[in-house]
Every structure is written in C-alpha cells, then in structure tokens.
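Residue numbers (the working numbering), protein chains in the order written: chain A, 1 to 125; chain B, 126 to 649. Below is one structure, written out as structure tokens, with a few remarks after it.
Laid out in structure tokens, this is it:
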C-alpha cells in the first residue's frame with residue numbers, strides 16, 4: 001500500500017502487557033503501513049492518548065495487570081475520545097453478556113495477521 | 126387403670142394412627158360377626174385414648190365416642206383378660222354409669238381385650254345387651270369373642286405395617302426425586318430450593334428451609350425457603366440462641382428433633398419466639414462438610430407433631446445428598462477455573478509461538494509456508510476454544526468444524542449436515558487440522574478458486590462407524606498432486622490420526638471420505 005506524501009500516516013496505539021506480543025502487534029501495524037505507538041497497560045495508554053490527539057486506532061489486549069482491563073479501557077476511550085476506533089484481542093473467549101463499546105471489533109488470540117491488517121485499513125479509511 | 130399403662134396405650138394408638146379414621150370394612154365385618162355370634166343388639170371396637178373411648182367399628186350404637194369415665198371397656202383392661210358383667214346395674218363398678226342408668230339402659234356386657242404384638246392393650250371388642258344375662262355367654266361364644274378380639278388386634282398391627290411401608294415408599298420416592306433434581310442443578314440455591322419443596326410436600330409441613338451457618342453455629346442465614354400456602358417465609362438471618370438451647374446438637378452434627386416446642390426443655394423458655402414464626406414442632410438437620418456443620422436443613426410444623434424415625438432418617442439422607450451435590454458443584458467450579466487458566470496460558474503460548482515465528486521468518490521471501498504455519502496454528506487454537514467450552518470433555522463435530530471454518534472463511538459457500546457426534550480432545554484437534562487443510566486446498570486448487578464453487582461437508586453414522594464426506598463442486602478440474610506435502614499428509618492421518626482416509630480427484634471435483642469408529646472418536 002502506498003501512502004501519498006501529503007497524507008499523515010495513521011497512528012495506532014498498541015496496548016499489550018506481554019513485551020513479545022506487543023512487539024508482534026506493533027509489527028502487524030507497521031506491515032499495514034501505519035505507525036505504532038506502544039503502551040504496556042491501560043494507564044500508560046490513557047497518558048499517551050491525553051498527550052497525542054493524532055491517534056486514530058487503539059489495538060488493545062483485554063487481560064492486563066492493574067485496575068483497568070481492555071474492555072474498560074475501550075469503554076473509557078469510547079466515552080472520552082468518541083472518534084477513535086478500537087480493536088480488542090484476548091486469549092480468553094469473551095465472557096457471555098459482555099457489552100462491547102460501539103465501533104469496537106474483537107479478535108481471539110492468536111489472530112490472523114491478514115485479518116487484523118484488513119480491519120486496520122478499513123478503520124483508517 | 127394405671128397412669129403408665131394409659132400413657133403407653135395413648136402412645137401406641139398415636140403410633141397406630143387409627144383414631145378418628147373413617148370406617149373400614151374389615152373392622153365393620155368383625156363387629157357384625159360378634160353381635161350375631163353373641164346374639165346382642167350392640168357390638169363395638171373400643172379404643173381407649175387418654176380422655177375418651179373411640180369406636181373404630183360399631184353395630185347398634187349411633188355415637189362414635191364417649192368420655193373415658195363412661196367406658197365399661199376400660200375396667201381391668203390392663204389385665205388383658207375377658208371381662209363379663211351379667212347385670213351392669215348390680216355391679217358396683219357400673220351401677221352409676223349414665224349408659225346404664227340413662228335411656229340407653231345397658232344391662233349386659235362382655236369384652237375381649239385387644240392386645241397388640243408389642244404387648245400393649247389398646248381397648249376391647251365388646252358386645253352389649255339391654256337385657257341382663259345371668260347366664261353370661263356360652264363357652265363357645267366366649268371362645269369366638271376372644272378369637273374375634275385377636276382378629277381385631279391383628280388387623281390393627283397389619284394396618285399399621287401397611288401404612289409404614291407405604292410411607293417408606295413415599296419417602297424413598299421423594300428421595301429419588303430430590304437426588305434427580307440435585308443432579309440436574311447447576312447452582313447450589315437451585316438444589317436447596319428443589320429439595321425444600323419436595324421435603325415440604327412429602328412431610329406435609331408448613332415450612333422447609335435451607336440456611337448456611339457460621340463455624341460456631343450461632344447464626345443461620347436462610348436462603349432457600351419453601352412454605353405452604355399462607356405461611357410466612359423465614360428467609361433472612363436468625364440467631365439460634367433466640368429460640369432456645371439448640372446449638373450443642375447442631376455443632377456436633379446431630380439432628381435437632383423437637384415434637385412440641387412448648388414442652389421440650391430446649392425450647393420451652395422461648396415459646397414466644399417460636400410462636401412468632403408459627404412453629405410448633407421442628408427438625409433441624411445439619412449439613413456437614415469436612416467434619417463441620419456448614420448448613421442446616423430446617424423443617425417446621427405449625428402444631429406439635431410426632432416425627433417418625435423414618436422421617437428423621439429421610440431428612441438425614443436429604444442432607445447427605447445436598448452435601449454431595451454442593452461438593453460436586455464446588456469441584457466443577459474449581460475444575461472450570463483451572464481449565465480457563467490452562468486454556469488461557471495455552472493460547473497465550475500459541476500467540477507467543479506465532480509472534481516468534483513471525484519475527485524469525487520475516488526475512489523469508491517465500492511467504493506461503495509462513496502463512497500456512499500461522500493458519501494451522503490458528504485452526505488448532507480454534508479447536509482448543511471449542512474443547513474449553515466443554516471443559517475438555519466431548520466437543521461436537523459440527524461445532525469444531527464451524528470454529529475452523531470461521532478462521533479460514535468461505536463459510537457461506539459450505540453446507541454442513543449430520544447428526545450430533547461427540548469428539549474426544551485428541552480427535553477434535555486432529556479433525557480441526559484435517560478440515561483446515563481441506564479448506565486450504567479448496568482455496569488453492571479446488572472449489573473456492575471459482576466464484577460458483579461450493580463444498581458439502583456431511584457425516585453419517587453407519588454400522589462401520591462414522592463417515593465424514595467432503596464434496597467439492599463447481600471448481601476447476603482437479604488432478605492428484607505429484608508431490609505429497611505436509612498438508613496432504615495431515616489429511617491422510619484422518620479423523621483419529623490413524624488413517625481411514627480416501628481421496629478422489631473426480632471430474633466433478635475433489636472428494637474425501639474419512640472413516641473412524643464412534644467409540645474411538647470419543648475416546649481419542
């Protein structure tokens with residue numbers, strides 16, 4: 001995919017506590033042609049979102065240490081930064097009756113890279 | 126008539142459960158025969174309660190009971206001998222009896238004792254005439270009246286035995302029902318509510334409740350509560366000490382059985398508290414866990430009530446079943462938590478393998494093997510998800526197939542049809558890989574290459590076992606590959622990793638038949 005020089009490259013915030021998986025997710029974002037920004041937990045993610053208004057997509061894990069898990073982080077983002085698109089991923093199946101915030105897509109881990117890339121393209125379009 | 130004998134008699138009659146019951150042919154027949162045999166207008170079966178005599182059967186008398194003081198039958202009854210009074214007006218024991226002096230004008234009396242197998246005398250079979258009989262009964266009439274008296278005693282004992290065994294059957298049936306309801310329950314409160322409802326109904330009590338207790342059994346929190354219509358619930362927290370000295374037995378795991386809260390020494394000082402809850406009699410049955418009382422099964426009757434040993438035993442069995450049921454739920458819950466954790470770690474591990482492989486193989490210019498690796502990994506992971514939902518027991522064949530199809534795509538171009546077939550953990554994993562490879566091949570060379578192509582995946586159970594049929598239609602012309610790659614080797618391993626696979630490259634499209642015995646699938 002080619003990006004015209006005058007268009008800014010979409011920024012994707014990757015939130016994942018496991019370093020190896022964070023590296024991998026960042027690589028997937030790069031392969032999609034976008035720029036990854038990394039956070040190891042929800043608190044870091046919120047701090048980054050507050051300082052960087054150019055983030056368009058958040059790609060987050062659910063199970064993370066600390067108070068806020070990925071679902072709560074997504075709800076918080078949906079409330080505070082409504083235009084941001086969200087991808088949620090987890091090694092656990094979604095608990096029954098989980099209410100996903102609007103414009104949020106779930107992927108079970110391990111996920112197919114090509115599907116995540118296709119979704120990133122759709123969300124950034 | 127001694128007090129102790131009278132008390133034994135009253136207890137025996139209560140045990141017989143015969144007082145105030147409807148007429149019964151067997152007893153009616155006996156009084157009829159007695160009156161004919163002795164040629165008297167009146168014959169009675171008189172049962173001697175504390176304050177009255179009650180007639181189980183009667184001929185020639187319209188009342189069913191009299192005060193005990195008017196009873197001729199009670200005279201010398203504890204001797205268990207025949208009593209014959211030729212002229213009631215001239216016997217000092219009966220001369221002033223209103224039945225003799227009044228308009229009934231009883232004159233002659235003869236009565237045979239009713240002696241139960243336990244030895245207790247409960248009354249008499251008597252014949253009465255309104256004319257005196259200085260000669261009394263003939264020896265033959267005496268013998269027959271005695272024999273009929275023994276018949277009545279036997280009938281009373283048999284009647285009781287039949288009632289006891291009918292009751293036992295009723296309690297056993299209820300226990301079976303409770304066992305089934307407990308087995309079918311997924312929640313503890315569902316188990317206890319079901320048990321309470323059945324117990325309340327079968328014991329005919331006003332309330333049956335289940336409550337958790339603290340380690341010292343000071344407080345009970347009643348959660349499940351069954352009540353008869355119009356009876357208030359006791360759901361909520363109660364302190365045992367507010368109702369009497371009840372804790373010692375419960376802490377020790379012994380049932381607390383109280384027939385009358387007003388007279389029992391453990392509750393007699395707290396009858397107001399009992400009356401406030403409309404409790405006249407109760408059983409509290411401890412439910413134990415690891416040698417401690419953890420809960421109480423409570424049964425309340427609004428009036429004093431005799432609890433038979435069978436009923437107490439029944440409640441003990443109900444408590445034991447609840448214990449086992451709750452223990453089963455806890456074990457299942459722990460197992461489920463453990464399964465979730467194992468699966469989560471396993472899937473995290475698969476994600477790590479994917480991440481490492483992806484990074485390691487980044488520089489490999491040929492992308493196809495790298496992608497197939499990732500997809501096989503994901504197909505395996507999807508099968509794990511299905512197995513986890515079934516706690517690693519049997520996964521359904523269709524569910525496994527659908528999970529794998531979801532990871533590949535093209536679901537809208539596939540038709541699935543077949544009965545429910547349970548797959549063991551190993552079979553589910555190998556089947557998921559086979560379906561994945563078949564789909565991958567269909568994408569590369571078969572039905573999914575062309576827009577109109579589709580696949581039918583059907584399975585049937587036949588005498589030889591399970592047959593899974595993969596039929597591709599509407600694709601390009603297929604030819605057998607010259608080289609066998611890893612994918613086709615996976616397919617040839619079949620449903621259980623032991624073969625049984627037949628592949629055909631037909632002009633209509635590729636076909637595969639996979640065979641395995643159903644037992645093998647579920648075990649594998």
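Even for Gly, the Cβ is constructed at its ideal location relative to N, Cα and C. This structure is a prediction, so every number in the text was calculated from the model and none was measured.
Exercise for the section: Would you give the residue range spanned by the alpha helix (DSSP H) that residue 564 of chain B belongs to? Expected result: 550–569
Practice task
Have a look at residue 358 of chain B and residue 239 of chain B and give me their C-alpha separation to the nearest angstrom.
Solution key: 45 Å
Practice task
Confirm the yes/no value for this check: CB of residue 451 of chain B, any heavy atom of the ligand NAD, distance under 7 Å.
Solution key: No copy of the ligand NAD occurs in the structure displayed, which carries no ligand at all.
Exercise for the section: With DSSP collapsed to three states, give me the class of residue 673 of chain B. Expected result: What the structure shows of chain B is the stretch from 126 to 649, and residue 673 of chain B is not part of that stretch, so it cannot be assessed.
Practice task
In angstroms with no decimal places, state the Cα-to-Cα distance between residue 592 of chain B and residue 641 of chain B.
Solution key: 7 Å
Handout entry: Endpoints, alpha helix (DSSP H) assigned at residue 154 of chain B
Key = 150–163
Handout entry: Any beta strand (DSSP E) of 3 or more consecutive residues that is wholly inside the segment 334–412 of chain B
Key = 344–352, 361–364, 381–383
Practice task
Please determine if the segment 33–40 of chain A and the segment 6–15 of chain A are in contact, where contact requires at least 3 C-beta pairs separated by less than 8 Å.
Solution key: yes
Practice task
Would you list, in chain order, the members of the segment 9–27 of chain A that have their beta-carbon closer than 8 Å to a beta-carbon of chain B?
Solution key: 18, 20, 21, 23, 24, 27
Handout entry: Three-pair Cβ contact test at 8 Å for the segment 211–219 of chain B versus the segment 127–144 of chain B
Key = no
Exercise for the section: Please list the residues of the segment 499–515 of chain B that have a C-beta atom closer than 9 Å to any C-beta atom in chain A, keeping them in chain order. Expected result: 499, 500, 502, 503, 506, 507, 510, 513, 514
Practice task
Tell me whether residue 332 of chain B is buried or exposed, calling it buried when 16 or more other Cβ atoms sit within 10 Å of its Cβ.
Solution key: buried
Exercise for the section: Check the DSSP bridge columns for residue 539 of chain B and list the partner residues they point to. Expected result: B:580
Exercise for the section: Just grab the DSSP bridge partners of residue 133 of chain A for me. Expected result: No answer is possible for residue 133 of chain A: the residues shown for chain A start at 1 and end at 125.
Practice task
Quick one: grab the DSSP three-state call for residue 109 of chain A.
Solution key: coil
Problem - Test item: CB-CB of residue 170 of chain B and residue 248 of chain B under 8 Å - result: yes
Handout entry: contact_flag[the segment 387–404 of chain B, the segment 293–311 of chain B] where n(CB pairs < 8 Å) is 3 or more
Key = no
Problem - Proximal residues to residue 559 of chain B (C-beta, below 6 Å), its chain only, five neighbours per side dropped - result: 616
Exercise for the section: Note down, in chain order, all residues in the segment 84–97 of chain A with a beta-carbon under 8 Å from any beta-carbon belonging to chain B. Expected result: 91, 92, 93
Exercise for the section: Taking all protein chains shown into account, decide if residue 122 of chain A is buried (16 or more other Cβ within 10 angstroms of its Cβ) or exposed. Expected result: exposed
Handout entry: Between the CA atoms of residue 314 of chain B and residue 93 of chain A - distance to the nearest angstrom
Key = 27 Å
Problem - Per-residue DSSP class, three states only, for residue 547 of chain B - result: strand
Problem - Segment contact flag, the segment 488–507 of chain B with the segment 590–606 of chain B, C-beta cutoff 8 Å, min 3 pairs - result: no
Practice task
Kindly confirm or deny that the segment 316–331 of chain B and the segment 434–446 of chain B touch, where touching means at least three C-beta pairs closer than 8 Å.
Solution key: yes
Practice task
Report yes or no: is there a C-beta of chain B within less than 8 Å of the C-beta of residue 124 of chain A?
Solution key: no
Problem - Neighbour-count burial assignment, residue 411 of chain B, 16 or more Cβ in a 10 Å radius - result: buried
Exercise for the section: Select from B:208, B:251, B:371, B:393 the residue whose C-alpha is nearest the C-alpha of residue 161 of chain B. Expected result: B:251
Problem - Three-way DSSP call (helix, strand, coil) for residue 40 of chain A in this model - result: coil
Problem - the segment 403–419 of chain B contacting the segment 256–276 of chain B, beta-carbon criterion three pairs below 8 Å - result: no
Practice task
Grab me the residues of residue 610 of chain B's own chain with a C-beta within less than 6 Å of its C-beta, minus the 5 sequence neighbours each way, in chain order.
Solution key: none
Practice task
Taking residue 171 of chain B as part of the beta strand (DSSP E), name the residues at either end of that continuous run.
Solution key: 167–173
Practice task
Establish whether the CB of residue 469 of chain B and some CB of chain A are separated by less than 8 Å.
Solution key: yes
Practice task
May I have a chain-ordered list of the beta strand (DSSP E) segments no shorter than 3 residues that lie completely inside the segment 575–621 of chain B?
Solution key: 579–587, 590–598
Exercise for the section: Could you work out which residues of chain A lie near residue 472 of chain B, taking near to mean beta carbons separated by less than 9 Å? Expected result: 90, 91, 92, 108, 109, 110
Handout entry: Any C-beta of chain A under 8 Å from that of residue 491 of chain B
Key = no
Handout entry: Check whether residue 503 of chain B and residue 110 of chain A have beta carbons under 8 Å apart
Key = yes
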